[in-house]
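Colleague:
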Amino acid sequence: MKDKNWWQVFAPKKWPESSFRVFRPVIRFFASLKLAVVIIAVLAVLISVGTFVEARFDAWTAKQLVYNSVWMYCALGLLVTSLVAVIADRWPWKPRHAAFIFAHVGIIMIVFGALLTQLYGVDGIIRLTRTAEAVNEVQLQDTQLTVYRSRTGDGYDKVYSEEVNFLKKPVSAKEPFLIKAKGLHFELLESIPYGLAQTRIEASPAAQSGSAVRFQLANANVSEIDWLIQRNAFERAEKQVGPVLVTMGGLWERRPEINEIRLYQNEKQQLNYALYSKDNQNPYKKGTLTEGDRIQTAWMGLELRTLQFLTKAIQKYEVRSLDRPTPATRASLKVRYNGQESYLVLNDYIKVFTDEWVYLVAYHHKKIPLGFDISLRNFKKTDYPGTMRAMAYESEVQFDDQRATISMNEPLKHQGYYIYQASFEESPNGGVTASILSVNRDPGRIWKYLGSLVMCVGIILLFYFRYRPHVRPRST
């Protein structure tokens, strides 16, 4: 009596002969070497094009136009179909087919894991500052349009939201994009993927507009000139300049751990100021500012000078389209509303007034809930000796009543997320203004690891059967 071997135990007894005849030509077609060569050639071309696009533009452009294209999905789908057909074509399987089957199954598992990552994975960033509240959302690279409205300019309600991809589906003047929100006629005339935007601040006639001040903060070594603008009368504006935070308007609560210059408009529409030193709740100097005034501060010999003050102001952009991205470019839209044309840049908004409503039309990166709050407690940067170049940097963060240090080589693992120290933002005078953390969640990671392991098993079995070609199952 002969013992059953492992492949006989788990394999079906026999394919139905009629079904086998019907599917055999189809299986042979997808399992053919010619088709495999075509699939590999197509994948090679797509990867080459993707590499070229990434080198000329950036990784996001290559991902959207090549790696996430219909052509790539079709090529990978044909690859998986071909692999399954090749496995089926070897039926009935024998022990020597084990290496072959394991290798092909491993590739299928890796492709499946990549599909899970694409559909359900998270790859975004978190921007943390020491002066801001805790963050509980992840910013993705996907973009969307959102419209809010209010009757008074305060307490806005969302009335429209749509995810958009103007890289894949650009907008032109021949086919404008109309935002459909009640009582609003807002047209997108042109999408500019790589726009170089210049800010222009000017006086606004609208009563709900906020104020703006152009200031200079300088000492013997540094000088920074910038605008501080309230986008509406209820919004707080802030700017970190070296050791001091400059804030204006909006809801405000003194945080004693920072040096602060507080600006606000009084009932006579004059610009008032108050200077707060670190660890002090009360100001050590306060008063009224007019254009041209100079105020000495207690921090590194810095002097505050008011260059221009607008009681009601609006921020506008002039955008120049570039052929390829640079660190200064931002995706932008040329728009038309209320009979006038303007520009809307990414992560900003335009305020539109109608007879009954005040609308905010925002073009911004998509955000999703993180599932927990995270805040920055401290940021440490170490430079190369004798230079201003960062050698290492790390963030001390607080989350769920816990603290952890995230460095360049030590990510934080929490609730399925991997949070890495990606970069930081620096002001012109060398001070760190924000820590940038990369957030990743990959539900397909386990399938990729298992697929790689299965492929390795297949390779080991390949060498095993190659050097023991006469192995046969024992019988009694």
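Residue numbers (numbering that gives the first Met the number 0): 0 to 475. The C-beta atom is built at its ideal place from N, Cα and C for all residues, glycine as well.
(1) Nearest by alpha-carbon distance to SER437: which of ARG27, GLN138, TRP298 and PRO255 is it?
(2) Going by the beta-carbon positions, is the gap between VAL351 and ILE373 smaller than 8 Å?
(3) Taking the beta strand (DSSP E) that TRP226 belongs to, which residues open and close that run?
(4) Leaving aside the five residues before and after THR142 along the sequence, list all residues of the same chain whose C-beta is less than 8 Å from its C-beta, in chain order.
(5) ILE100 by DSSP, collapsed to three states: which one?
(6) In whole angstroms, give me the CA-to-CA distance for THR328 and GLN140.
(7) Would you kindly check if the distance between the Cβ of VAL360 and the Cβ of PHE185 is under 8 Å?
(8) So for ASP88, helix, strand or coil by DSSP?
(9) Per DSSP, what kind of secondary structure is SER210 in: helix, strand or coil?
(10) Could you say which of LEU77, ILE46, ASP122 and ARG148 lies nearest to TYR66 if we only look at CA atoms?
(11) Measuring CA to CA, which of ALA172, ARG199, GLY182 and ALA180 is closest to LEU188?
(12) Just confirm the distance between the C-beta atoms of SER210 and THR310, as a whole number of angstroms; I'd bet it's less than 8 Å.
(13) Can you give me the start and stop residues for the alpha helix (DSSP H) that LEU42 sits inside?
(14) Can you tell me whether DSSP reads SER341 as helix, strand or coil?
(15) Only counting the same chain, and skipping five residues up and downstream in sequence, which positions put a Cβ closer than 6 Å to that of MET0?
(16) Terminal residues of the continuous alpha helix (DSSP H) containing LEU452?
(17) Check whether the Cβ atoms of LEU82 and HIS103 lie closer than 8 Å to each other.
(18) Which value, in whole angstroms, describes the spacing of the CA atoms of GLU302 and ASP278?
(19) Any contact between the stretch 140-160 and the stretch 291-301? By contact I mean 3 or more CB pairs, one from each, below 8 Å.
(20) Note down the Cα distance separating LEU460 from PRO94, rounded to an integer number of angstroms.
(21) Report, in whole angstroms, the separation of the C-beta atoms of THR381 and MET387, which I expect to be a contact under 8 Å.
(22) Indicate whether the contact test is met: 3 or more Cβ pairs, each with one atom in the stretch 250-263 and one in the stretch 277-294, closer than 8 Å.
(23) What would DSSP say about THR310, mapped onto helix, strand or coil?
(24) With DSSP collapsed to three states, give me the class of TYR383.
(25) Which residues bound the alpha helix (DSSP H) around ALA61?
(26) Can you give the Cα-Cα distance for TRP59 and ILE294, rounded to whole angstroms?
(27) Going by Cα to Cα distance, which pick from ILE38, PHE28 and ILE257 is closest to GLN239?
(28) Give the C-beta separation of GLN476 and VAL110 to the nearest angstrom, bearing in mind that I take them to be a contact with Cβ-Cβ under 8 Å.
(29) On the premise that ILE26 lies in contact with ALA74, defined as a C-beta separation below 8 Å, what is that separation, rounded to the nearest angstrom?
(30) Among residues of its own chain, excluding the 5 on either side of ALA205, which ones have a beta-carbon nearer than 8 Å to its beta-carbon?
(31) For the candidate residues LEU449, LEU195, LYS62 and VAL456, whose alpha-carbon lies nearest to that of ARG323?
(32) In the structure shown, what three-state DSSP assignment does SER276 receive?
(33) In three-state DSSP terms, what is ARG23?
(34) Please state the DSSP three-state secondary structure of TYR72.
(35) What three-state label does DSSP hand PHE111 in the structure shown?
(36) Give the straight-line distance between the Cα atoms of LYS284 and ASN377, rounded to the nearest whole angstrom.
Modeller: By the coordinates alone:
(1) GLN138
(2) Taking 8 Å as the Cβ cut-off, VAL351 and ILE373 do not qualify as a contacting pair.
(3) 222-228
(4) GLU162, VAL163, ASN164, PHE165, ALA330, LEU345, TYR362, HIS363, HIS364 and LYS365
(5) It is helical.
(6) 15 Å
(7) yes
(8) helix
(9) coil
(10) ILE46
(11) ALA172
(12) 5 Å
(13) 32-55
(14) strand
(15) Unreliable positioning characterises MET0 in this predicted model, as indicated by a pLDDT of 43, which lies under 50. The coordinate reading is nonetheless provided below. Here the set comprises nothing.
(16) 444-466
(17) yes
(18) Each residue's Cα considered, the two are about 21 Å apart.
(19) Per the Cβ contact rule, the stretch 140-160 is not in contact with the stretch 291-301 (fewer than 3 Cβ pairs under 8 Å).
(20) 10 Å
(21) Actually they do not touch by this definition, with Cβ atoms about 12 Å apart.
(22) yes
(23) coil
(24) coil
(25) 58-61
(26) 46 Å
(27) ILE257
(28) Residue 476 is absent from the model: the chain starts at 0 and stops at 475.
(29) About 20 Å separates the two Cβ atoms, so there is no contact after all.
(30) LYS311, ILE313, LYS350 and PHE352
(31) LEU195
(32) coil
(33) helix
(34) helix
(35) The answer is helix: DSSP assigns PHE111 an H, G or I state.
(36) 28 Å
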